[in-house]
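Residue numbers are given in our numbering: position 255 of the sequence shown equals residue 1709, and the series is strictly consecutive. Just so you know, even glycine gets a beta-carbon here, dropped at the ideal spot from N, CA and C. Following: one structure in structure tokens, then a few remarks.
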Amino acid sequence: MMKLEITGEPNPYWIASTDSTDYPQLNEDTTVDVAIIGGGIVGISSAYMLNQAGLQVAVIEADRILNGTTGHTTAKITSQHGIIYSTLKKQIGRELAMQYAEANQNAIRQIAKTVGEKQIPCDFKWCPAYIYTQSDKYVQDLADESEDAKDLGIKASFLDTVPLPFEVKAALRFDEQAQFHPLKYLKALARECSDKGALIFENTEALDIDQAGKPVIASRNGHKVYASKVIIATHFPFFDGGGLYFSKMYQDKSYVVAAQIEEKFPDGMFISAEDPTRSLRSQPMEDGELVLFGGEHHKTGHGEDTNLHYEQLIKFAQENFSLREILYRWSTQDCMTIDQLPYVGHLTPRSPHIYVATGFGKWGMTNGTAAAMILSDLILKGDNPWATVYSPSRLFSTGSSLKTFIIQNANVAKDLLSRKLGQLSPPRELKNGEAQVVNYEGNRIGVYKDEDGQVHMVDTTCTHLGCELAWNSAEKTWDCPCHGSRFSYEGDIVEGPAINRLHHANDEANKVEAKVLK
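In structure tokens, the structure reads:
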């Protein structure tokens, strides 16, 4: 079997295959009806819906819109979120489980409707979604999930085969699901909003929200946005407001390799029931067909050599298909809640003008669209039929979610203490492309030697809540094992909730550099 090498920097197909945006930076104080912080699927979809309703909207994005988690998705538009409906019916009852199913089914229809009405060329395609298993352990689970999904109005069927080149023990098929190119779709919505008067500000970092009276958003460049309502759609909320979101969520990374294969990929989207997850779907491209092989996962900041996850996906792809060439690879991280349900609604019960959307658990295309529908209704009408099950202040947490809450927060405390108190090696000579956390005269310094031999050093204390960072060898970033903030090797923020960059280790730079550049 030919070994296909992992080369170059991670590069998501969705971003690489669309033109970069160039919206202006906020350069003066601005007043709008609704300010949306975060330019991903929730932010852009919410802006589109509220703009269509006649409200003056501003989207504030720290980077370029759609370059975050939305640009690193597998882009499955599906209500099939693993084995979830049986769990929800048992834990929170049929009525609330029905709300979740209806929200995601309506999100599929909302995307399809928008694509049709606006004639958006985004490779939208109706296709079935499958969960399959090769283990006897999950056969009954899939059978139960099929019955529960049908009871909640989803067109589901239990099967003993799938159109993949390997045998399975059982499978579950959802019909009337879809896939698309998410950035072609959402950049079209952004253009529509902008053309109709919505304001989109890129390279504009929101630092704080003043909740006195109506919200005021303070940006890093000193300008402010005054709004009647604010939506926080920054993936992990950058502003907590007393909601304690950092204690109710953790971030989990997963990986994708995208390749061309010799065979024609079967119709459908596929995901395994067992761990490690294997996710498959195809995507048309100019010179053929791209197949996305996704899966592998670990809590952010907890992987060892993160390149191993790409290697495992390549191995899986080669074992089952004739790989021609790997063209793209990327990773993403998703906010996971303690009860598997997103938080969408008022930031806290004491924040009537501030809304949040987060915790999509790796199913952001439908949950993100549903979130935009819920938030738009809450702002325009004061209510939404699915608001209860998504409510951030819900009171129906179960015993299993309480157990998850205790375990996750115990792990955060363990990570915080173990990394603060753990023994570190003294500086050693590094090869190009290597990194090390070193103890130099009592200081924890993250040292990275780039491919040109230049050394980059930062303080490895996360600027969010003070956890100690871990090196991510695949993405060349410093990642927080507690709440998922990520920083470049120069200390710049790659992903929040942190809002301040890392400090450079300038005082120790010359001494440490002498050690690693022998």
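In this structure, the CA atom of TYR1809 is about 6 Å from the CA atom of ILE1686. For the 8 Å CB-CB criterion, ALA1824 and ASN1560 form a contact. In this structure, ASP1662 lies near PHE1693, with their beta-carbon atoms less than 8 Å apart.
When the Cα atoms are used, ALA1952 and CYS1936 turn out to be separated by approximately 12 Å. Annotation: TYR1844 to ASP1906 spans about 49 Å, alpha carbon to alpha carbon. Between ALA1642 and ILE1546, the CB-CB gap reaches or exceeds 8 Å. According to the DSSP assignment, HIS1751 belongs to the beta strand (DSSP E) that extends over 1742-1753.
For ALA1557, the number of other beta carbons within 10 angstroms of its own is at least 16, and it is reported as buried. Taking C-beta atoms under 8 Å as the contact rule, THR1528 and LEU1746 qualify, at a distance of about 6 Å. With contacts defined as CB atoms closer than 8 Å, LEU1596 and ALA1727 qualify as a contacting pair. Fewer than three Cβ pairs drawn from the segment 1918-1935 and the segment 1652-1660 lie within less than 8 Å of each other, which leaves the two stretches out of contact. Approximately 11 Å separates the beta-carbon atoms of TYR1554 and ALA1603; this is outside 8 Å, ruling out the contact. Taking 8 Å as the cut-off, the Cβ atoms of LYS1707 and HIS1807 do not count as close.
Selection ARG1848, ILE1947 and GLY1492 evaluated against LYS1702 yields ARG1848 as nearest (Cα-Cα). In the three-state scheme derived from DSSP, where H, G and I count as helix and E and B as strand, GLY1667 is classed as coil.
The segment 1673-1712 is shown to contain whole beta strand (DSSP E) runs of 3 or more residues at 1678-1686, in chain order. Segment contact: the segment 1637-1654 against the segment 1774-1781, fewer than three CB-CB distances shorter than 8 Å; contact not assigned. In the three-state reduction of the DSSP assignment, ASP1933 falls in the strand class, which pools E and B.
Taking C-alpha positions only, ALA1959 is separated from TRP1932 by approximately 14 Å. The Cβ atoms of GLY1492 and GLU1515 sit closer than 8 Å to each other. For the pair THR1523 and ASP1614, the Cα-to-Cα distance works out to about 34 Å.
Here ARG1563 is not bridged, per DSSP, to any residue. Shown here for THR1802: same chain residues with a beta carbon closer than 6 Å to its own, the five before and five after excluded, namely GLY1695, GLY1696 and GLY1697 in chain order. Inside the segment 1563-1593, DSSP marks whole beta strand (DSSP E) runs of 3 or more residues at positions 1579-1587, from first to last along the chain.
Take THR1812, set aside five residues on each side of it, and the residues of its chain with a beta-carbon closer than 6 Å to its own are PRO1691, CYS1789 and TYR1797, in chain order. In the displayed model, CYS1647 falls within a helix according to three-state DSSP. Per the DSSP secondary-structure output, GLY1799 pairs in a beta bridge with VAL1810. In this structure the segment 1575-1589 touches the segment 1609-1623; the number of beta carbon pairs closer than 8 Å is three or more. Ranking GLY1887, ALA1566, PRO1720 and SER1673 by CA distance to the CA of HIS1635 puts ALA1566 first. Cα atoms of GLU1944 and LEU1542: separation of roughly 43 Å, rounded to the nearest angstrom. A straight line joining the alpha-carbon of HIS1752 with that of SER1785 spans about 11 Å. Less than 8 Å separates the beta-carbon of VAL1684 from that of ALA1489. The Cβ atoms of PRO1464 and ALA1928 lie closer than 8 Å to each other. Around the beta carbon of PHE1724, 16 or more other beta carbons sit within 10 angstroms, so the residue counts as buried. The alpha carbon of ALA1512 has as its nearest neighbour, out of LEU1520, GLY1525 and ILE1498, the alpha carbon of ILE1498. DSSP, reduced to helix, strand and coil, places VAL1496 within a helical segment of the structure shown.
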